[in-house]
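J.: In our numbering, the protein residues as written are 359 to 570. Every residue, glycine too, gets a C-beta built ideally from N, C-alpha and C.
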Amino acid sequence: QRIKSGTMNFLRKHYLILIILSIALVLRLYHLPATMTFLEDEGRDVLIMYRMINTGRPVLLGPQTSTGNMYLGPLYYYLVTPALFLARMNPLGPVVFIALTGVLTVWLLYLFATKWFGKFAGTSAARMYAVLPLPVTFTRNSWNPNLAPIFSLLMLWYLVKIIQDKQYSFKNFFILGILSGALVQMHYMALLFLLGIGLTLIIYLRRTIPSL
359 QRIKSGTMNF LRKHYLILII LSIALVLRLY HLPATMTFLE DEGRDVLIMY
409 RMINTGRPVL LGPQTSTGNM YLGPLYYYLV TPALFLARMN PLGPVVFIAL
459 TGVLTVWLLY LFATKWFGKF AGTSAARMYA VLPLPVTFTR NSWNPNLAPI
509 FSLLMLWYLV KIIQDKQYSF KNFFILGILS GALVQMHYMA LLFLLGIGLT
559 LIIYLRRTIP SL
């Protein structure tokens, strides 16, 4: 009886975000095998991940960029390869993984926006990201930039912890650095985002700690 009562209280308290997450999940998974994008880039990535699984040898280069003979880091392959393995080498596995990270991004957006701006802002942001065509479309295929939003959100979370909450611990700076390295491996254009984060942090710390 106590478990049932606790479950009902949880559902009554969080019913709105649960509905939003359910909608986000349906939009990202509905009819996925027949409608997912699988072009040259996706085929190349699946072949590389297949060789990693088949040979047991890790790769040191990530996806090739569109700017010529330039490569990203291999983090994307390491994150997605377990999904391909669990799917028994079916390319649908990585796509489902990306779709689930899209739903996770909706939830994180709700949590962070609610903490920073209030519940109305949190539910509004989550609702828009859950149903807008562009985020839905990009989380219905396996492509390295599709993981950039979740790393960007986590970076903003730790940036706010440092600036607003004044938590200058080594752990927060270390995690912010790790997330920066992860984000830039998703797409080279993330360097512009990192530039903004870095300038914001430097300006704030110089104003707060004059000796820097």
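Is the beta carbon of Ala506 closer than 8 angstroms to that of Leu433?
T.: No, Cβ-Cβ distance for Leu433 and Ala506 is not below 8 angstroms.
J.: Leaving out the 5 sequence neighbours to the left and right, which residues in its chain are closer than 6 angstroms to Thr439 when beta-carbon positions are compared?
T.: Within the same chain, Thr439 has close Cβ partners Met407, Met410.
J.: By DSSP, does Tyr468 sit in helix, in strand, or in coil?
T.: Looking at Tyr468 - three-state DSSP - the assignment turns out to be helix.
J.: From the DSSP output, which residues share a beta bridge with Gln572?
T.: This structure gives no information on residue 572, because the portion of the chain shown stretches from 359 to 570.
J.: Can the beta-carbon of Ala488 be found less than 8 angstroms from the beta-carbon of Gly480?
T.: No, the Cβ-Cβ distance between Ala488 and Gly480 is not below 8 angstroms.
J.: If the criterion is Cβ atoms closer than 8 angstroms, does the pair Ile378 and Arg485 meet it?
T.: Result yes, Cβ atoms of Ile378 and Arg485 sit closer than 8 angstroms.
J.: Opposite Tyr429 in the DSSP bridges: which residues?
T.: Note: Tyr429 sits in a beta bridge opposite Gln422.
J.: Let me know if Arg564 comes out buried or exposed under the rule of 16 or more other beta-carbons within 10 Å of its beta-carbon.
T.: Arg564 comes out exposed.
J.: Please report the straight-line C-alpha distance between Leu534 and Lys519, rounded to a whole angstrom.
T.: Their Cα atoms are separated by approximately 10 angstroms.
J.: Output needed for Val454: all residues of its chain with C-beta closer than 8 angstroms, excluding positions within five of it in sequence on either side, in chain order.
T.: If we look at Val454 and ignore the five residues flanking it on each side, its Cβ neighbours are Leu387, Leu390, Ala441, Ala445.
J.: Tell me, to the nearest whole angstrom, how far the beta carbon of Met394 is from that of Leu450; I am working on the premise that it is less than 8 angstroms.
T.: Confirmed, Cβ separation roughly 7 angstroms.
J.: How many angstroms separate the CA atom of Lys477 from the CA atom of Thr425?
T.: One C-alpha to the other measures close to 41 angstroms.
J.: What are the boundary residues of the alpha helix (DSSP H) that includes Tyr562?
T.: That run of the alpha helix (DSSP H) goes 548-566.
J.: For Asp403, count the other beta carbons within 10 Å of its own beta carbon; 16 or more makes it buried, fewer makes it exposed. Which is it?
T.: Flag for Asp403 reads buried.
J.: Going by CA-CA distance only, name the one from His372, Tyr468, Leu397, Tyr436 that's closest to Arg415.
T.: Closest option to Arg415, Cα to Cα, is Tyr436.
J.: Can you check whether the CB of Ile508 is closer than 8 angstroms to the CB of Thr558?
T.: Cβ distance not < 8 angstroms, so Thr558 and Ile508 don't count as in contact.
J.: Kindly indicate which three-state DSSP category Gly535 falls into: helix, strand or coil?
T.: Helix, per DSSP.
J.: With a 10 Å radius around its C-beta and 16 neighbouring C-beta atoms as the bar for buried, classify Ser500 as buried or exposed.
T.: So Ser500 counts as buried.
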